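*Asks:*
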Amino acid sequence: MEKETLTNNSLKVYCDESFHLPLKEAAEQFKNELQIQTVINFYTDHNFHSLKQLQREKYDILISEESNSKRKKVPADILEESIMVANASLVFATKKSANLDIDNLTDIFDQNITFGHCKETTKSGSQLDRIFKKNGYKIFNYSNRIFNSDSLLISALLSSDNLGGIFINYQRALENDLKIYRLKEFSQESIPVECHILKTSEQPTKSLQFARFLAAPTKGQYHFANNHFIGVDGDTWRENPAVKIFCEPPFKTLFERTTETFKQREGANIKILYPISEKLIFTLSSISQSSSQNLLPDLLVVSTNTSEKLSPNYIEIPYEDKLFKGKFFFYRQSKHRSLCKRFVRSVIDAF
Numbered sequence: 000m001e002k003e004t005l006t007n008n009s010l011k012v013y014c015d016e017s018f019h020l021p022l023k024e025a026a027e028q029f030k031n032e033l034q035i036q037t038v039i040n041f042y043t044d045h046n047f048h049s050l051k052q053l054q055r056e057k058y059d060i061l062i063s064e065e066s067n068s069k070r071k072k073v074p075a076d077i078l079e080e081s082i083m084v085a086n087a088s089l090v091f092a093t094k095k096s097a098n099l100d101i102d103n104l105t106d107i108f109d110q111n112i113t114f115g116h117c118k119e120t121t122k123s124g125s126q127l128d129r130i131f132k133k134n135g136y137k138i139f140n141y142s143n144r145i146f147n148s149d150s151l152l153i154s155a156l157l158s159s160d161n162l163g164g165i166f167i168n169y170q171r172a173l174e175n176d177l178k179i180y181r182l183k184e185f186s187q188e189s190i191p192v193e194c195h196i197l198k199t200s201e202q203p204t205k206s207l208q209f210a211r212f213l214a215a216p217t218k219g220q221y222h223f224a225n226n227h228f229i230g231v232d233g234d235t236w237r238e239n240p241a242v243k244i245f246c247e248p249p250f251k252t253l254f255e256r257t258t259e260t261f262k263q264r265e266g267a268n269i270k271i272l273y274p275i276s277e278k279l280i281f282t283l284s285s286i287s288q289s290s291s292q293n294l295l296p297d298l299l300v301v302s303t304n305t306s307e308k309l310s311p312n313y314i315e316i317p318y319e320d321k322l323f324k325g326k327f328f329f330y331r332q333s334k335h336r337s338l339c340k341r342f343v344r345s346v347i348d349a350f
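Residue numbers for the sequence shown, in numbering that gives the first Met the number 0: 0 to 350.
1) Look at the alpha carbon of E238 and the alpha carbon of I35, and state the distance between them as a whole number of angstroms.
2) Judging by CA-CA distance, which residue of P274, T113, T120 is the nearest neighbour of L156?
3) How far does the alpha helix (DSSP H) with T303 in it reach, from first residue to last?
4) Indicate the three-state DSSP secondary structure (helix, strand or coil) for F350 in the structure shown.
5) Counting Cβ pairs, one atom from each stretch, are 3 or more of them under 8 Å apart for the segment 265-282 and the segment 301-314?
6) Taking the alpha-carbon of F329 as reference, which of Y42, F350, V301, F323 has the nearest alpha-carbon?
7) Check whether the Cβ atoms of V346 and F254 lie closer than 9 Å to each other.
8) Output the distance between the C-alpha atoms of N46 and E184, rounded to the nearest integer angstrom.
9) Given a threshold of 16 other Cβ atoms within 10 Å of its Cβ, counted over all protein chains shown, does S290 qualify as buried or as exposed?
10) Quick check on the DSSP output: the beta strand (DSSP E) that includes A214 runs from which residue to which?
11) Using a Cβ-Cβ cut-off of 7 Å (strictly less than) and excluding sequence neighbours within five positions of E64, which residues of its own chain qualify?
12) Quick check: the Cα distance between L338 and A214, rounded to an integer number of angstroms?
13) Between L10 and S206, which are expected to be in contact by the criterion C-beta below 8 Å, what is the C-beta distance as a whole number of angstroms?
14) Compare the C-alpha of F271 against each of D106, P296, Q292 and name the closest.
15) Can you check which of these residues, D106, N175, Y180, is closest to V90 by C-alpha distance?
16) Alpha carbon to alpha carbon, how far is I153 from R264? Give it in angstroms, no decimals.
17) If you draw a straight line from the C-alpha of S68 to the C-alpha of T235, how long is it?
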């Protein structure tokens, strides 16, 4: 695990070693633009601190994949917020010289191709085992060889002819100039990489700014893409994003008691107007037909009756609370869709 020196007002980040390069690069840009330092300690599968230890040491942020078999999903009671910043995916890869005709797992088995993979206690091994089971296969029934790490797996493929191919992370396959085969069973199996803001953080607003920075298209996403990670559709970067909301009057009380807390935590500017249904629909229609569509609200909070009159430009945000009678919709072209969804969660949690 790599350690840096902690200074006053630094953000303390605990990050999976797999994301070393994009995180270092993004953190440097973040420091240069906002004058906020991030001290990042990297971990591997073998030396991960317990979640309780992270709390004791007052970390601000944990960045991890959500499928690591050694740790269950990070419990909600220690989280302030989570923002998705990238995706990891598994592929089948071979030497560049290989010329296999395979589209799915059955092709590999039918052709008796000897394949390598990491053991089940690693991230990639855990994901592979889950995909095999989901598709009705048992991984140990086939011509496979098991390795302790990605590095050993890749070395074995490149240094001999004993392996026909390996199951490896997409990013590692690109780094090592391997030939990639996208199998049918893996097409919808990406793993979210999330930036978790811990409740022990003494700087939640700065921590959320860093998370938003990592997810922003021209900021952190540039560094993830440059290091062969699959990106996310994050919000446009603003240090203090501004969100406009139309909320029907029956829901005003709830918003008045939750908005200020959310604004302070996120460092966001939120403007809420409370037009009645007829005026809300008329205003949306007028703006939509004008040249000032940038004035359309990012988020709507409306009754079921009003929702039936909205244009397709607004997409409903689902939620699970059956007691709340309103409906939430975000503007399709809003630059702050993720922020709107987090705001909706905060409102529902407070309901």
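From the three backbone atoms N, C-alpha and C, an ideal C-beta is built for every residue, glycine too. All of these numbers come straight from a predicted model, not from anything done at the bench.
*Replies:* By the coordinates alone:
1) 12 Å
2) T113
3) 303-306
4) coil
5) yes
6) V301
7) Yes, they are a contact pair.
8) 31 Å
9) exposed
10) Element bounds for A214: not the beta strand (DSSP E) but the alpha helix (DSSP H), 203-214.
11) D15, A87, K122, I190, V192
12) 11 Å
13) 6 Å
14) For clarity, residue 271 is Ile in the given sequence; the question names Phe instead. Selected option, being the one with the closest Cα: P296.
15) Y180
16) 44 Å
17) Confidence at S68 is low in this model, with a pLDDT of 42, below 50, so the placement of that residue should be treated as unreliable; the coordinate-derived value is given next. Rounded to the nearest angstrom, the two C-alpha atoms are 33 Å apart.
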